[in-house]
Amino acid sequence: MPGRRRLTAPPSARQAITPDRMLGRMNATMRFVLSGALPIGSVLAGFVGENVSLRAALWCGTIGMAVAWVPIFFSPLRTMRVLPSGVGPPRVGTRC
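With positions in the sequence shown counted from 1, the corresponding number in my numbering is that position plus 6.
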């Protein structure tokens, strides 16, 4: 399942390079940022759909989804094969 591997790679890399004492904060920040974008996008889509047209709102969403890969393409995570030196694999059984 190549799609499932892609979904787990970025969180795994973030957790592997984050110090143990900061894991909870890092995970909470990522959840806040990613979940916080949903209502903002919903409000913007409603505004564009109401004031411009539904077609324009759909095109804005389509274009946004089409260019969402650009930051990932230029990210160093895309070509990273091993973790940076000095950082070990995450320890099993540790608490955040």
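Beta carbons: idealized from backbone N, C-alpha and C, even for Gly.
Between Ala19 and Met86, is the Cβ-Cβ spacing less than 8 Å?
yes
Near Met36, which residues of its chain fall below 8 Å by C-beta distance, leaving aside the five closest residues on each side in sequence?
Pro17, Arg20
May I have the straight-line CA-CA distance separating Ala34 from Asn57, to the nearest angstrom?
35 Å
Here's the rule I'm using: 16 or more other beta-carbon atoms within 10 Å means buried, otherwise exposed. How should Leu83 be labelled?
exposed
Once the 5 residues before and after Ile78 are set aside, which same chain residues still bring their CB inside 8 Å of it?
Arg84
Can you find the residues in the same chain that come closer than 6 Å, C-beta to C-beta, to Gly55, ignoring five residues on each side of it along the sequence?
Ala63
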